[in-house]
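Read through the structure below, which is laid out as structure tokens, and then see the notes.
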Amino acid sequence: MYPKKTTNAPTSINEDVKKVFQQAYTNIQSTTFLDSLTNNEIVFNGKKPSSENYMKKDLTRTINNETTKHSEEAVNNFIQDFVLELVGEIFKSFVELCAQSSKNTSEVISENDSKVLFYISGYLISALLKRYSKVKNPTEREHKKDVIKSLVNKSSEKTFTEKYSTMIDYKNCGGLKKPSDNFFFMIREFENVVRKSVDHESIHSKSFLKDELREEILDSFMVKHYSCDLFELVEDDNERESFLEDCINLFLTVRGFAITKLINKKTEKSAKNEKKTSASLRDALKSLNTGNLK
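Residues are numbered in our numbering as their position in the sequence shown, beginning at 1, plus a constant of 47.
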């Protein structure tokens with residue numbers, strides 16, 4: 048038996064360490080399933096292969112000092128199992144931390160807004176199916192359509208997102224698709240990024256630059272997390288990113304229309320207020336003139 052550590056676990060993670068594990072997690076998510084120990088080690092080797100040997104020697108020395116003597120093979124097996132379990136727990140905690148952060152941000156999105164986003168999610172699936180139906184190559188066309196069809200909720204089991212489906216149920220004439228939970232969560236994450244980036248109280252000509260917003264959405268950790276799960280049928284990294292970019296571009300187009308509508312409403316309201324002020328001023332002048340005549 049190995050001695051139990053008595054030190055308390057840290058409550059926060061060093062930023063440099065966090066960056067290393069975040070990059071490692073992203074590497075794992077953006078590649079095919081790693082089914083061998085060698086492939087798992089490759090993720091962490093990066094440009095510093097000597098660090099692995101240093102860590103292994105340090106751990107081996109610690110184990111031999113703190114416990115009875117074990118064979119080199121037994122120590123190596125333990126270290127490999129320990130490191131993989133440790134990394135797994137760190138990944139798990141990191142995903143939970145990011146998911147909680149995303150959830151906290153999403154709480155500012157009202158239930159009505161969520162219904163609209165759920166409707167938009169269904170619209171995006173339908174729009175992408177329509178777009179990919181025009182691809183000339185039959186094999187490529189069917190592949191793209193299969194990928195998008197996998198985003199549809201095919202389960203009869205009701206989840207908590209069911210309460211957001213009322214708008215789809217009301218407006219659907221047969222073409223809209225109910226999105227899977229994860230696709231809806233990804234679209235909601237798009238909205239979170241937009242809300243963080245665009246100040247709706249002071250909108251100007253550069254408030255909604257599509258290219259910049261697309262890059263910010265692509266950089267979102269939770270977007271990467273959901274997209275890896277949603278596009279698991281796609282093996283090629285570039286193709287997977289292409290699907291994701293199509294989703295983002297369509298979303299930003301729809302979102303852009305909403306912001307334009309908001310600007311138009313504000314402009315119309317401002318014009319009406321100016322008209323009322325102008326009319327009041329004319330009435331005041333008329334009353335003054337009438338008074339002077341008397």
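The beta-carbon is built from N, C-alpha and C at its ideal position, and this holds for glycine as well.
Since the model is a prediction, treat every value here as computed from it, not as a measurement.
Where residue i falls: helix, strand or coil (DSSP)
i, result
"Val-199", "strand"
"Asp-283", "coil"
"Leu-223", "coil"
"Val-194", "helix"
"Ser-289", "helix"
"Leu-131", "helix"
"Leu-299", "helix"
"Met-48", "For Met-48, the predicted structure reports a pLDDT of 42, less than 50, and the residue's modelled location is therefore unreliable. A value from the coordinates is still provided. Coil at Met-48, not helix or strand."
"Leu-256", "coil"
"Val-155", "coil"
"Thr-213", "helix"
Residue i: first and last residue of the uninterrupted alpha helix (DSSP H) it sits in
i, result
"Phe-268", "268-277"
"Thr-206", "Element bounds for Thr-206: n/a, residue is neither H nor E."
"Val-240", "228-244"
"Ser-161", "158-179"
Selection from the options that minimises the alpha carbon distance to residue i
i, options, result
"Asp-228", "Thr-213, Thr-208 and Glu-238", "Thr-208"
"His-272", "Leu-260, Asp-258 and Leu-291", "Leu-291"
"Ile-156", "Leu-297, Glu-236, Val-182 and Val-122", "Glu-236"
"Asn-200", "Ser-168, Pro-185, Ser-274 and Glu-238", "Ser-168"
"Leu-265", "Asp-283, Glu-282, Glu-279 and Glu-238", "Glu-238"
"Leu-176", "Tyr-166, Lys-225 and Lys-191", "Lys-191"
"Asp-193", "Lys-205, Ser-203, Tyr-179 and Lys-183", "Tyr-179"
"Val-240", "Asn-159, Ser-267, Asp-258 and Phe-230", "Ser-267"
"Asn-296", "Leu-256, Phe-129 and Asp-284", "Leu-256"
"Glu-288", "Leu-299, Thr-300, Cys-275 and Ser-203", "Cys-275"
"Val-281", "Ser-197, Glu-158, Glu-120 and Asn-184", "Ser-197"
"Leu-258", "Val-270, Gly-303 and Val-134", "Note that residue 258 is Asp in the sequence shown here, rather than Leu. Taking only the C-alpha atoms, the option nearest Asp-258 is Gly-303."
"Lys-210", "Arg-242, Val-182, Glu-158 and Lys-218", "Glu-158"
"Phe-232", "Glu-120, Glu-286, Leu-260 and Met-269", "Met-269"
Counterpart residues of residue i in DSSP-defined beta bridges
i, result
"Pro-185", "Answer is none; Pro-185 lacks a bridge partner."
CB-CB length for residue i against residue j, believed under 8 Å
i, j, result
"Ser-244", "Glu-263", "6 Å"
"Lys-224", "Ser-161", "Not quite, the Cβ-Cβ distance comes to about 17 Å (not below 8 Å), so this is no contact."
"Tyr-166", "Ile-215", "5 Å"
"Cys-294", "Leu-164", "Contact doesn't hold; Cβ gap of about 13 Å is too wide."
Closer than 7 Å: residue i CB and nearest the ligand MN heavy atom
i, result
"Phe-207", "Within the structure as shown, the ligand MN is missing, as the structure has no ligands at all."
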